[in-house]
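See structure below.
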Amino acid sequence: MNDDGGNPCISIKNVSVAYHTEVVLDDISLDIEHKDFLAIIGPNGGGKTTLVKVLIGMLEPIAGTVSVLGTSPKRSRTKIGYVPQTAHYATGFPITAYEVVLMGRSGRRGLFHRFTKEDVKAAHEALGRVGMLAHRDRPFDHLSGGQRQRVIIARALANEPELLLLDEPNVGVDPAAKSELYTLLHELNESMTIVLVTHDLTAVSSHVKTIACINKRLYSHGGKEIPRETIAEMYHCPVELIAHGVPHRVLEEH
Amino acid sequence: MLEILSYEFMQNALLAGMLASVICGIIGVYVVLKRIVFISGGIAHFSFGGIGVGYYLGVNPLLAALGFSVLAALAIGASKDRMDLQEDTSIGILWAVGMAAGVIFVGLSKGYAVNLFSYLFGNILAVSRTDLALMAALGLGIVCTVAALYKEFLAIAFDEEYAETLGIPTRWLYVLLLCLIALSIVILIKVVGVILVIALLTIPASIARLYATTVRGMMVLATGAGMVLATTGLMASYYADLASGATIVIVSAMAFFSLSLMRRHQVQARRARAVRRHNQ
């Protein structure tokens with residue numbers, strides 16, 4: 017399924033995106049290979065979330081082409097597992113962890129149709145995969161930040177995606193849960209492509225295979241070592257750097 | 009106590025309270041969870057303009073109100089995320105314009121004086137058998153629609169953006185939800201009035217949210233709470249000789265206020281116990 021005759025998983029060619037008249041992404045070109053684990057980093061407001069929205073077909077670029085899994089983002093939606101920021105979930109919504117996960121299957125069943133046994137099974141498997149099966153019937157509201165994050169990932173997994181897209185998965189998650197999250201993503205990466213967006217440079221751990229730096233335009237893309245100048249240029253301020261294979265180490269202090 | 013139940017108007021009023029509770033118990037849950045109380049208020053008050061226009065043109069005011077409220081629902085649904093004007097600003101304008109149009113057109117209508125007050129607070133004691141049949145039919149329609157689209161409405165109430173990435177037609181479902189709200193409001197205006205409709209859409213659902221762990225459970229609880237509150241309010245208004253609709257609103261608000269205080273106290277006590285256990 018993953019092999020599209022050598023085509024990359026995601027192909028972004030000369031893409032520009034604008035809100036009203038303000039250009040947020042300028043001439044981005046980027047190929048993401050199958051089974052890659054890409055971290056898109058960059059400052060807040062640098063267009064990372066915008067790029068995610070383009071990849072899931074929520075935003076149309078003003079120029080350039082995007083192909084995801086060999087077709088347009090909108091068409092490949094069913095094969096993308098989108099994991100939005102958990103922080104945006106309102107508290108006080110009466111829903112159990114299981115119901116949240118089952119929601120991931122809603123697109124497979126047409127309007128007016130009920131969930132099938134297959135959906136129930138997929139939801140349970142997804143909960144098991146993220147280690148949340150024991151919390152199945154707990155209110156989503158009562159879970160910790162890290163547990164919610166896992167449930168939201170399980171919701172994406174329930175749809176059996178080929179590509180997992182995570183938007184700022186570290187926000188609202190404590191350090192211990194953060195490292196568990198990376199272990200989980202590392203496991204999932206064995207069977208699917210993962211793209212995660214973050215402004216937190218320290219979070220990009222040894223699990224990531226490649227890194228792309230975005231601040232309106234693409235500054236670099238490749239292995240895990242980024243030239244110091246690129247970071248400085250991109251952030252316009254002193255930042256912590258990432259060392260190859262050593263998570264959370266600060267290379268340079270200003 | 010029971011002799012008041014022998015009056016037909018009282019039987020009808022109680023039945024109307026039950027049916028209104030079912031309609032508002034289900035629709036109100038979405039209004040509260042999707043945070044569209046203000047939008048629902050806007051739709052309700054805009055429909056008031058329809059009542060005025062109906063009187064002026066000699067058309068059935070409720071039919072005109074239905075036209076106005078559905079128009080408002082469609083306009084709000086269609087303009088979502090597309091307007092430069094902030095949504096709450098435009099709803100506020102819609103709200104005021106509807107009321108103003110209602111007052112002006114009623115003033116222009118010659119002949120008889122219209123009791124605008126009855127449209128604001130309704131007259132639950134004047135509900136006819138026809139009204140009840142209409143409410144029952146609408147209630148059934150709403151139960152069926154929500155049952156058929158439960159998973160979709162749940163998805164758009166919880167996370168509309170995600171629902172869209174799944175390929176669910178979120179915009180259409182949102183417009184449908186607003187139309188269901190508009191329909192409910194118009195059917196209930198004559199019975200409970202514009203202001204009580206908003207109270208019934210929000211208060212029982214908010215009470216239910218204090219205890220519910222699923223949306224389905226919240227609907228059942230909200231319906232039950234609405235029935236108890238409508239009945240209590242009706243009885244209180246009868247014995248204290250107060251306006252029925254307004255009494256139901258006050259009784260409901262008092263119940264919500266005391267229950268949320270109790271609930272907060274309960275949750276805090278439970279947390280304190282857990283902390284003590286942890287520290288031992």
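Here the protein sequences come in this chain order: Z and S.
So that you can map any letter, position 129 of the first sequence is 145 in the numbering used here, and since no number is skipped, the others follow by simple counting.
So that you can map any letter, position 73 of the second sequence is 81 in the numbering used here, and since no number is skipped, the others follow by simple counting.
Cβ atoms here follow ideal geometry from the backbone N, Cα and C, with glycine treated the same way.
Among residues of its own chain, excluding the 5 on either side of residue i, which ones have a beta-carbon nearer than 8 Å to its beta-carbon?
i                     : result
residue 162 (chain Z) : 189, 190, 192, 193, 194, 196 and 197
residue 176 (chain S) : 160, 163 and 164
residue 112 (chain S) : 60
residue 114 (chain S) : 59, 60, 63, 64, 122 and 124
residue 5 (chain Z)   : This structure leaves residue 5 (chain Z) out entirely; chain Z is present only between 17 and 270.
residue 218 (chain S) : 267, 268 and 271
residue 67 (chain S)  : 61
residue 244 (chain S) : 250, 255 and 259
Please report whether the beta-carbon of residue i lies at a distance below 8 Å from any beta-carbon of chain Z.
i                     : result
residue 166 (chain S) : yes
residue 211 (chain S) : no
residue 182 (chain S) : no
residue 176 (chain S) : yes
residue 159 (chain S) : yes
residue 170 (chain S) : yes
residue 116 (chain S) : no
residue 223 (chain S) : yes
Give every residue of the same chain whose Cβ lies closer than 6 Å to the Cβ of residue i, excluding the five residues on either side of it in the sequence, and list them in chain order.
i                     : result
residue 168 (chain Z) : 99 and 102
residue 192 (chain S) : 31 and 35
Going by the DSSP bridge assignment, what does residue i pair with across the sheet?
i                     : result
residue 72 (chain Z)  : Answer by DSSP bridge pairing: none, since residue 72 (chain Z) is not bridged.
residue 53 (chain Z)  : Z:210
residue 114 (chain Z) : For residue 114 (chain Z), which the question treats as bridged, DSSP gives no partner whatsoever.
residue 158 (chain Z) : Paired residues: none, contrary to the question.
residue 237 (chain Z) : Z:228
residue 81 (chain Z)  : Z:29
residue 47 (chain Z)  : Z:27
Out of curiosity, what's the CA-to-CA distance linking residue i and residue j?
i                     : j                     : result
residue 73 (chain Z)  : residue 89 (chain Z)  : 5 Å
residue 172 (chain S) : residue 134 (chain Z) : 22 Å
residue 281 (chain S) : residue 274 (chain S) : 11 Å
residue 174 (chain Z) : residue 53 (chain Z)  : 20 Å
residue 232 (chain Z) : residue 214 (chain Z) : 15 Å
residue 211 (chain Z) : residue 278 (chain S) : 41 Å
residue 270 (chain Z) : residue 60 (chain Z)  : Because residue 270 (chain Z) carries a pLDDT of 39, less than 50, the predicted location of this residue cannot be relied on, and the following value inherits that uncertainty. About 20 Å.
residue 116 (chain S) : residue 109 (chain S) : 10 Å
residue 24 (chain S)  : residue 65 (chain S)  : 29 Å
residue 53 (chain S)  : residue 19 (chain S)  : 29 Å
residue 51 (chain S)  : residue 42 (chain S)  : 15 Å
residue 17 (chain Z)  : residue 186 (chain Z) : Residue placement at residue 17 (chain Z) cannot be trusted, given a pLDDT of 45 that sits under 50; what the coordinates show is reported in the next sentence. If you take the alpha carbons of residue 17 (chain Z) and residue 186 (chain Z), they lie about 30 Å apart.
residue 212 (chain S) : residue 242 (chain S) : 16 Å
residue 176 (chain Z) : residue 56 (chain S)  : 49 Å
residue 104 (chain S) : residue 199 (chain S) : 22 Å
residue 16 (chain S)  : residue 285 (chain S) : 58 Å
residue 156 (chain S) : residue 235 (chain S) : 24 Å
residue 148 (chain S) : residue 190 (chain S) : 16 Å
residue 26 (chain Z)  : residue 80 (chain S)  : 42 Å
residue 27 (chain S)  : residue 80 (chain Z)  : 55 Å
residue 40 (chain Z)  : residue 67 (chain Z)  : 9 Å
residue 166 (chain S) : residue 110 (chain Z) : 9 Å
residue 203 (chain S) : residue 128 (chain S) : 6 Å
residue 166 (chain Z) : residue 87 (chain S)  : 35 Å
residue 146 (chain S) : residue 247 (chain S) : 31 Å
residue 229 (chain Z) : residue 195 (chain S) : 56 Å
Is there a C-beta anywhere in chain S that falls below 8 Å from the one on residue i?
i                     : result
residue 208 (chain Z) : no
residue 258 (chain Z) : Confidence at residue 258 (chain Z) is low in this model, with a pLDDT of 46, below 50, so its placement is unreliable and the value that follows should be read with caution. By this cut-off, residue 258 (chain Z) is not an interface position.
residue 98 (chain Z)  : yes
residue 58 (chain Z)  : no
residue 127 (chain Z) : yes
residue 53 (chain Z)  : no
residue 28 (chain Z)  : no
residue 102 (chain Z) : no
residue 77 (chain Z)  : no
residue 37 (chain Z)  : no
residue 122 (chain Z) : yes
Which residues in the same chain as residue i place their Cβ atom closer than 7 Å to its Cβ, once the five residues preceding and following it in sequence are excluded?
i                     : result
residue 210 (chain S) : 36, 39, 40 and 45
residue 207 (chain S) : 257 and 260
Exercise for the section: Output the residue ranges of the beta strand (DSSP E) runs that lie fully inside the region 60-90 of chain S and measure 3 residues or longer, sorted by chain position. Expected result: For the region 60-90 of chain S, not one full-length beta strand (DSSP E) segment reaches 3 residues or more.
Handout entry: Within the region 220-260 of chain S, ranges of the alpha helix (DSSP H) (whole runs, at least 4 residues)
Key = Fully enclosed alpha helix (DSSP H) runs of 4 or longer: 223-248.
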